[in-house]
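Down below is the structure, laid out as structure tokens.
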Amino acid sequence: AQKITQTQPGMFVQEKEAVTLDCTYDTSDPSYGLFWYKQPSSGEMIFLIYQGSYDQQNATEGRYSLNFQKARKSANLVISASQLGDSAMYFCAMRANSNYQLIWGAGTKLIIKP
Amino acid sequence: ETGVTQTPRHLVMGMTNKKSLKCEQHLGHNAMYWYKQSAKKPLELMFVYNFKEQTENNSVPSRFSPECPNSSHLFLHLHTLQPEDSALYLCASSQERDSLYHSYEQYFGPGTRLTVT
């Protein structure tokens, strides 16, 4: 069965510090993709970054990077130089390329302190 | 309008009412999704439409009825709901391709906050 685990229900981080949000996954499918989404209090899910299982390099998008460790089945999100606007729920999701379904983690609530 | 829009943003309905949620995507995507997000639970996929054809129905109760008249519009018709159906309902779209290396990221609307009284 496919599963996503986010072990940090909540985190407090000082503004301008880097933050790592944990995500581990489980799948028997050899081809899959991993996604991170941000959900502010307004409710909209915002796509942040994607990592494919065959990608040789870790994905980066501006201040976001994905620390992909395939052997450990982890796909942690790293946010550099955190900002107050980064306060939100963050969700890790996985999709096996054999179907359309995204499997979602329970999320981590990130609060950036000034 | 750009991206994915949803109306209404908030809805309060009684258990005997019939209402519909509307979603429209302006991204030229060919797949659309309905999700339910309840407090303290992971996002639950309800329905998937690809090229207007329903491809997934994750054991959703029949009081939820989807409709996809074209690849840009998606509806969720609601009737005789229960209080436990109160949640945020999110619509999403994506561009599906037969490519192992395509990210298939889904783009979401702002959601409809539904309260069943």
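Residue numbers (my numbering), protein chains in the order written: chain A, 1 to 114; chain B, 1001 to 1117.
Using N, Cα and C, we set each Cβ at its ideal position, and we do this for glycine too.
Assigned secondary structure, residue i (DSSP; H/G/I helix, E/B strand, else coil)
| i | result |
| --- | --- |
| L84/A | helix |
| E1123/B | As shown, chain B starts at 1001 and ends at 1117. That puts residue 1123/B outside it, with no answer to give. |
| P1083/B | helix |
| K1018/B | strand |
| A18/A | coil |
| T7/A | coil |
| S28/A | coil |
| H1029/B | coil |
| P1061/B | coil |
| P1110/B | coil |
| S1071/B | coil |
| K113/A | strand |
| Q69/A | strand |
| R95/A | strand |
| P1008/B | coil |
| Q57/A | coil |
| M89/A | strand |
| S1093/B | strand |
| S1038/B | coil |
| G52/A | strand |
| Q1054/B | strand |
Listed by chain order, chain A residues near residue i by CB distance under 7 Å
| i | result |
| --- | --- |
| E1105/B | F35, F47, Y50 |
| F1108/B | E44, M45 |
| L1021/B | None at all; the shortest Cβ gap to chain A is about 14 Å. |
| G1111/B | G43, E44 |
Chain B contact residues for residue i, given Cβ-Cβ distances below 7 Å
| i | result |
| --- | --- |
| Q101/A | L1045, E1056 |
Closest residue to residue i among the options (Cα-Cα distance)
| i | options | result |
| --- | --- | --- |
| L1027/B | Q1095/B, T1115/B, V1116/B | Q1095/B |
| K16/A | S87/A, C92/A, R95/A | S87/A |
| T7/A | I111/A, S74/A, R95/A | S74/A |
| T1055/B | A1039/B, P1042/B, N1030/B | N1030/B |
| E1024/B | P1083/B, F1075/B, Q1106/B, E1105/B | F1075/B |
| G1111/B | S1071/B, Y1033/B, F1064/B, K1018/B | Y1033/B |
| D22/A | L66/A, E44/A, G43/A | L66/A |
| S31/A | G43/A, R95/A, A106/A | R95/A |
| Q1037/B | A106/A, N76/A, C92/A | A106/A |
| Y37/A | D26/A, E61/A, D29/A | E61/A |
| R1009/B | S1093/B, A1087/B, E1053/B | A1087/B |
| G1014/B | L1078/B, F1108/B, L1090/B, E1105/B | L1078/B |
| Y50/A | P40/A, F68/A, S42/A, G43/A | F68/A |
| L1114/B | F1108/B, D1085/B, Q1006/B | D1085/B |
| T1005/B | K1022/B, V1012/B, L1043/B | K1022/B |
Status (buried if at least 16 other CB within 10 Å, exposed otherwise) for residue i
| i | result |
| --- | --- |
| G85/A | exposed |
| K70/A | exposed |
| F1047/B | buried |
| T1016/B | exposed |
| Y54/A | exposed |
| I111/A | exposed |
| A1039/B | exposed |
| N76/A | buried |
| F35/A | buried |
Partner residues on chain A for residue i, Cβ-Cβ distance less than 9 Å
| i | result |
| --- | --- |
| F1064/B | The premise fails here: F1064/B is roughly 17 Å from chain A at the closest Cβ pair, so nothing lies under 9 Å. |
Any non-hydrogen atom of the ligand GTP within 7 Å of residue i CB
| i | result |
| --- | --- |
| T1005/B | This structure lacks the ligand GTP, and indeed carries no ligand of any kind. |
Closer than 8 Å at the beta carbon, the chain A residues around residue i
| i | result |
| --- | --- |
| L1088/B | G43 |
- prompt: Closer than 9 Å, Cβ to any Cβ of chain B: which residues of the stretch 79-110 of chain A, in chain order?
  reply: Of all residues in the stretch 79-110 of chain A, F91, A93, R95, N97, N99, Y100, Q101, L102, I103, W104, G105, A106, G107 have a Cβ within less than 9 Å of some Cβ in chain B.
field: Where the stretch 1032-1043 of chain B meets chain A: residues whose CB sits under 9 Å from a CB there
entry: Taking 9 Å as the Cβ-Cβ cut-off against chain A, the residues of the stretch 1032-1043 of chain B that qualify are Y1033, Y1035, Q1037, K1040, K1041, P1042, L1043.
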